[in-house]
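Residue numbers (my numbering), protein chains in the order written: chain A, 1 to 384; chain B, 385 to 768; chain C, 769 to 1152; chain D, 1153 to 1536.
Each residue gets a CB set at the ideal place from its N, CA and C atoms; glycine is no exception.
This is how it looks when you write it as C-alpha cells:
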C-alpha cells in the first residue's frame, strides 16, 4: 500500500491539473532500520518512527494512513483534531464503534473545512466510475437485481502459511472485511442505494495453516515450520442483501476460488439494461442495452480508454489501458481537488461507516443461523 | 419439449450404436385438432388423447412424459405399473410427497428390470460431463467451494405478460423450481455429493403482469389486455448450500438478469484446480490446473469437441460445435443403452427426489427468515 | 459429409414449414459391403453401387452429391440432364474448366426449372447470415477493409499421417481449396462484391508425412508405416484480395495454426461499423456500431438465437445454441423452398465457379512470385 | 511520448533496484512559451530550445530522443559523439540510409562503452516478454507459422482531419512505419529470427481528408476547414513475410479496422504449442500446449501478473494489472541496468535498422506488383 500511495502522490499532478501540488514530506514507520531506505525509494523528504510527529508538523496538510486497522482510529482522530486532511485506508476501523467515532469526528472536522476520505480506491477505476454514471443517467432503468463477487485463490492451498491477515485480533475480519468490503462499497455507490438488511454465512474452509517464520501476509511463504496454527477469521463469505427500496443482491467474497486472481465483479441488472465489470479486465465495462433494436442486442465490451470515460483523457490515446495503481492516483486527484475547491470528497467516513455496519450485520446474521438481519444505524444517526 | 424429445428419439440411433432402435409409436396430447399435425411433424405413427392408451399398449416399451408437473405422478405410476420404462421430465413432481411416491415406485420397478430416468438433460452436455469426469478423477483435488447460477432475463421487462409458468397452482414453483433445479442437480452430480442444508431467499421482483390473451408461456406475448394479474411464484431465488462433508456453495436462479439469455453457470473450485462452465458457450469448458508450472497457470478454454470428450466422437470433426438439442439425444442414448444392458440410468428418480427436497428446503428457509434448514430425507429412507 | 447431409434431409421438415417433404430414397456408394449398413443408419430406403441408378430413377427429384471433387462434373451433368435438382458439395470441381462446364449446364437447366446449389453451407450459419443482412442494410456503412482466416491445426504435427486430402491428384488443392474456399465464398457473399484480383503465396510447411496404412483423411492416424510420403498440396495459403470497387482484404487458410481447431473468421470493417465472426463460437456475432453514443461504443456480442436472427425461430428458446449440422439443415430448407417456389437457390454454380477462379488466381499469383493477378472470367462470360 | 517517457524516468527506480538513479535534468523543446510549463509538469530541472545544449552538457549522461523521425539522425549522431547514452524513439530514422548511419555510429560508440537503444517499448510488455521466453525455451517447438496484426480505427472515418502523420514528408510512412514496425520488431524478437523477404501491398483507403486548423495528429479534430487535403502515406499495409529458415508470417497494419482501438496482435504457432497476444488485453497471454493430456488441451489465458512473469514482481500482487506506461518504465529499467552493468541493451540500433529494411522491402514489393522482395543488408554488413 505504501508503494501504491506514494506513487499516486508523486504522479497525480503530473497528469492532472490540480489546484495544489503534493509534496511527500514525512514517512512514518515502525522499523527505524528500513525506514530511511523506504523514504528514499518512495520519495519522502524525511522520516519518523512517531506518527505523532506527522500530525504535529505545521508544514503538513494531509495525513495518509496506511497502517493496520487497529490503529486507524487513534491516528485519524489526532490528525483531524490537528486540522489535517485525512485519507484513511479501508477498512475505516476494526469495529463499528470505532468507525462511528471516526465518522463523527470527520463530520465535525468538515464543519471546520477539514476533509476526510476513506480509501475505497476501486471507485476510481474508470470502467466502474463510468458504470456508475450510466446507472445514474438511467441507462439500466429500474434496478432489478445486483450481483457482486470478489474472488481470489491464495488460500485454496491448505499449506499457504499463516499470516496476520488470518488472525482476528490483528485483522479484525477475513475475506469479508478485506475484500467483501470493496464490493459492498461499490454496489452502494453505483446504485446510489444503501444496503438495509443481510442474510449471510461465513466459513473458514481451511482452519489451520503452517506457522510462517515471519508473518508478512498476502501469500508470502517465508520459512514455514512444521506446526500448524489456527486461522481465526473467515476465508469465505456468502451473503444476500436487500437495498433500500427492496432490490436484492447476491454477494460473495472468497479466497478459495482456485484460479481467480482478483476477480472483483459487479453486475447491475435493470429494466432497460445492465452493466457488468470484472477487475481482471479492469479497462473494460460490459454494458447491455435492452432498448437496442431487436437482433442487435448483446453485451457490449466498452474499452474505457476514450476521452468520454472518467479520468481517461489525462492518460494515453484510446485503446491503451491503465493499471491497478491508477485507482490510487485518481483518488489523490479527487482528494486534492476537493481540498482546493473546499468540497467534501467521496467516499466519506459516513460511507465507510455504513460499509462497516453491513459487514457487522453479516457477522450477526451468521451468528444467528443466517437469518435476515437489519443494518441498523445508531439512534443518534437516526435523529440526524 | 416435444420437439426436442422427438428429435432425440429420431436421431440417437443415427449417430450412436444402440442395442435397440427407437420407434416413435404414439403421441398423446389433449388437443385433438392439433395432435395429428404434431404427430406428422414429429414422426409418430399414431396419436391418442388418452395417455392411458400409451400405457396400455403392449407394443410400447418406453413412455416419455413431457406433460406439466402436476400430471407426472399419475402417468408415471401407471406406466411403471404396466412395465414400461419411463423418462419423466423435470421437475419430477410438484411436491416432495409426490416425488417420494414416484421414487419408491421406480425402486420397486427397477427390481423388476424396469428403468426410470428423470430429464435433467444438461448432464449430457459434453463439457459438463467432461467436467464431472475431471472432478471424479481428482483434477480439482479437494473441493473448496462451489458456485452455480442460472441467469435469464425474460421477466426483467415488467410488461412481459402473465403465463402459466408464473402461476403457482400450475407451475408449482418459479425460477427456483424451473431453472434453479438444474444447477442443484448439476452441482450434486458433478461433485458426487448431496446438499444437506440451505439458507435461501425468494423474491417476486415484478409482482403483477399484464394478462395474456392466451397463456402459452416462455415469453410469448400473445394478446395482452389492460388488466394486470398477480404473479404467484418467485422470479428470483438466492441461496447458500452446504454439501455433505461441509463444502459451501452459492446458488442463484433468476429471470431478472437483463442481458443473460441462458447463462447456466457452474464452477467447482478445489485445492488443485477448478472447472467452470457457462451454457451460453456450451461447447467450452474452462479448466484451471494449479499444479501446472508456475507462470503457465491460467484458465484453459477446452473446446469439448475432441474424441476424448463424452459423446463428441459420435458427431463432427474437432472444432465443430454441438447445439442444445444434443443434450436430449444423449439422454436417449444413455437410456436406451441402460435398457439394453439392463442397468439403471442416471439421474434416477431418487436423484430427482433429492433435488426436490433441496428446493423445498430453500422454500422452508425463506419462510423462516432465511435460516439454515436441513434437507431431510424421510425416516423410511434413512432406514434404507 | 454423408452423416451431416442425411441428417439434414431427415430433419429439415421437422422444424421448418416446407412446401415438399423430403424422403431419402437411394444411397449410392462404392463399397457394397458397408453400403447397406450405412443406408440403414442414415435412413435411406435403398442402395446402389451405380450412381447412374440414382440419376435414372424417375421417383427421384433431387441428387445430393457428396463424392470427391474429381467425380462432381460427370454426376452433376448427368443429373441435370435427367432433370434432377442438384446439390453439389464444394468445391464444385477440381478445375476451373470443369466448373465452367457445370455452371453452364446449371444455367441451361435453370431455364427448364431445374435447380442447382453448391454446398457452401457455412452461409447458413445464423450469425453469418445475420451479419450479411446487417452489411446489406448498411450497418457497417462503406466497406473499408475485409479480414478472413480459416485456421486449423491438424497438420502442425509433422507425424500426422498422409491422407488423400494431401495428394494433389485426388484432392486438387490443399488448405486453399478445402478451407480457403469457404472464406472466399463468405466474403463475396457478405459484401455482395466479387474478388477481382489477388496476390498470394502457398506453402507446404511439412513436405513429407508418414504413409498411413489406410488413407482415410482428416487426422485419422490408422497404421503408420516407417516410410514418409510426399505431400503434394499446400498446407498454408496467404493472400491479399481486391474486391470490385477496390476494397482490400487479407486472407489466410492454414492447417498449421496450433490450437485453432476450426477458427473460420470473417471480419468486415466499414465507415460506420463492423461485423466479426469466428466459427469456434458459431452462435455469436460481434458487431460494432460507430454511430453509438460516444463512450458506449464497443463490440457487442450478439447471441444469434433470437427470433430476429435467420433460421433461429424454428429452433429453441433464446439463448440455446445451435451446432454445426444446422448449417446443412438450413441448406436443405432453402433448397426445398426454392424448388417449391420455383426460384433459384444460392449459392449458384456461378457463385461457386467464381470462387474457383479466385483460387486458381491465387495459385497463378503464387507461381508468378506473388504478383497481383486478375481473376478473369472467360470471354464467353464477359459477353453475357 | 514526452509524458510517457518522463513518467518512466521518474518512476523506474521507485519500483526496481537500479545501479544508478535517474534525474531529469533538461527538457529540450521548440516552443519557448510552453516549455517551462512542460518541464514543471514532467519534473525536469531545466529547459532549452537548443537540443545541442543537452548534448553538450557534461552533467548529462543519457539523451532520450522523442522528436519526429526526420531529426533522429542528427541528434543521435551528436549525442553518441559526445559520449552520451542514447534512447531513440522508433522509427530509428525516416530512411534506411539514415538508419544505417546511426547503426554504424552506435556500433562504434558501443566499443567506447556508450549504449544505444531504440524505443520499441512493446517488447517490455510482461506478457510479450514472457511469450518470448516460452518460445526461446522451446514451448512452441518448431515454429510453423506466424501471424501479426496491428489494427486501429481512427482513420475509418473519412472526415477525420488531416495530420502530419498522414504527410509523407514529415512522417516518412503511414500505418506501415508507425504501427507495422512494432509487429515486425516483435515477431523478429520473439522468434529470434530475422525476416528475409516480403510480398506486400499498401493502400490509402481514404485519399483526402479535411484540412485541420492545427496539425496535431492522432485523431485530434481541431478546427476543420472545408478544403480537403491529399493523404500521402498508406493507411493500410498487408504483407507476407519469410523468416530466415523459411517460416511464413502474415502481417497487417491498418487504421481502417473500425472498432479495433489498439489491437496489436502477435501469434506464434509451433509444432508443440502456440502463444498469442493482443495488446487490448495487455496483461494476458494465451498459450496452447499441444503436449498437454488429450482432452485438456486448449488456449490458456495466463494473467501475466505473477512473480514468474518478467517485470511483474516489482509491481502489485497477483491479479492486479499493469498499464501502457509500464512498457516505458521497463525500458528505462533495462537501459539503466545495461549502463550500470556495461552491457548492450536491446533492441539495438541494428535491430531497428533491420526493421526499417523490412519496411523498405514492403514498399519496394508494393511498387513491384507485390512480388517477393528480399530484405537485403548492405554489402558492408554482409562482410561483418
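| query | result |
| --- | --- |
| DSSP three-state assignment for residue 1045 of chain C, whether helix, strand or coil | strand |
| One or two residues paired with residue 593 of chain B in a DSSP bridge | B:613 |
| Beta strand (DSSP E) runs wholly inside the stretch 678-744 of chain B, at least 3 long, in chain order | 683-687 |
| Buried or exposed (CB count within 10 angstroms, at least 16 for buried), residue 1202 of chain D | exposed |
| Closer than 7 Å at the beta carbon, the chain A residues around residue 1472 of chain D | 262, 324 |
| Same chain only: Cβ atoms within 6 Å of residue 2 of chain A, ignoring 5 sequence neighbours per side | 66 |
| Length of the line joining the Cα atoms of residue 1192 of chain D and residue 1319 of chain D | 32 Å |
| DSSP three-state assignment for residue 837 of chain C, whether helix, strand or coil | helix |
| Residues near residue 22 of chain A by beta carbon distance below 8 Å, same chain, minus five either side | 9, 10, 12, 13, 62, 332, 336 |
| Simplified DSSP state of residue 832 of chain C, which is helix, strand or coil | strand |
| Residues of the stretch 1030-1052 of chain C with Cβ closer than 7 Å to any Cβ of chain D, in chain order | 1037, 1038, 1039, 1041, 1042 |
| Close-in-space but distant-in-sequence residues of the same chain around residue 18 of chain A (CB under 6 Å, 5 per side omitted) | 336 |
| Neighbour list for residue 1451 of chain D in chain C, Cβ cutoff strictly below 8 Å | 1027 |
| Beta-carbon gap between residue 277 of chain A and residue 265 of chain A smaller than 8 Å | yes |
| Proximal residues of chain C, C-beta to C-beta of residue 295 of chain A below 9 Å | 898, 901, 902, 1070, 1072, 1074, 1075, 1076, 1077 |
| Proximity test, Cβ basis, 8 Å: residue 541 of chain B and chain A | yes |
| Close Cβ partners of residue 321 of chain A (< 7 Å) along its chain, the five nearest in sequence each way excluded | 283, 305 |
| Any C-beta of chain D under 8 Å from that of residue 1006 of chain C | yes |
| Short CB-CB distance (under 8 Å) between residue 606 of chain B and chain A | Low per-residue confidence applies at residue 606 of chain B: pLDDT is 47, beneath 50, and the placement is therefore not dependable, though the value from the model is reported in the following sentence. No, residue 606 of chain B lies away from the interface with chain A (no Cβ there is under 8 Å from its Cβ). |
| Chain F within 8 Å of residue 1056 of chain C, Cβ atoms only | The question asks about chain F, but that chain is absent: this structure's protein chains are A, B, C and D. |
| Proximal residues, the stretch 746-760 of chain B versus chain A, C-beta separation under 7 Å | 753, 754, 755, 756 |
| Residue closest to residue 1194 of chain D, alpha-carbon to alpha-carbon, out of D:1301, D:1183, D:1159 | D:1159 |
| Proximity of residue 27 of chain A and residue 20 of chain A at Cβ, strictly below 8 Å | no |
| Beta strand (DSSP E) runs wholly inside the stretch 881-948 of chain C, at least 3 long, in chain order | 884-886, 911-919 |
| Contacting residues, own chain, Cβ-Cβ under 6 Å from residue 246 of chain A (five flanking each side not counted) | none |
| Residue-chain proximity (residue 1320 of chain D, chain A), Cβ-Cβ < 8 Å | no |
| At least three beta-carbon pairs within less than 8 Å, the stretch 620-635 of chain B to the stretch 524-533 of chain B | yes |
| Where the beta strand (DSSP E) through residue 265 of chain A begins and ends | 263-270 |
| Assigned exposure category for residue 280 of chain A - 16 Cβ within 10 Å defines buried | buried |
| Residue 1351 of chain D: contacting residues in chain C (beta-carbon distance under 8 Å) | 967, 969, 1137, 1138 |
| Residue span of the alpha helix (DSSP H) that contains residue 492 of chain B, given as start and end | 480-495 |
| Closer than 8 Å to chain D by CB, residue 25 of chain A | no |
| Opening and closing residue of the beta strand (DSSP E) in which residue 1394 of chain D lies | 1388-1395 |
| Delimiting residues of the beta strand (DSSP E) encompassing residue 46 of chain A | 46-48 |
| Buried or exposed (CB count within 10 angstroms, at least 16 for buried), residue 1220 of chain D | exposed |
| Same chain only: Cβ atoms within 7 Å of residue 949 of chain C, ignoring 5 sequence neighbours per side | 858, 859, 1123, 1127 |
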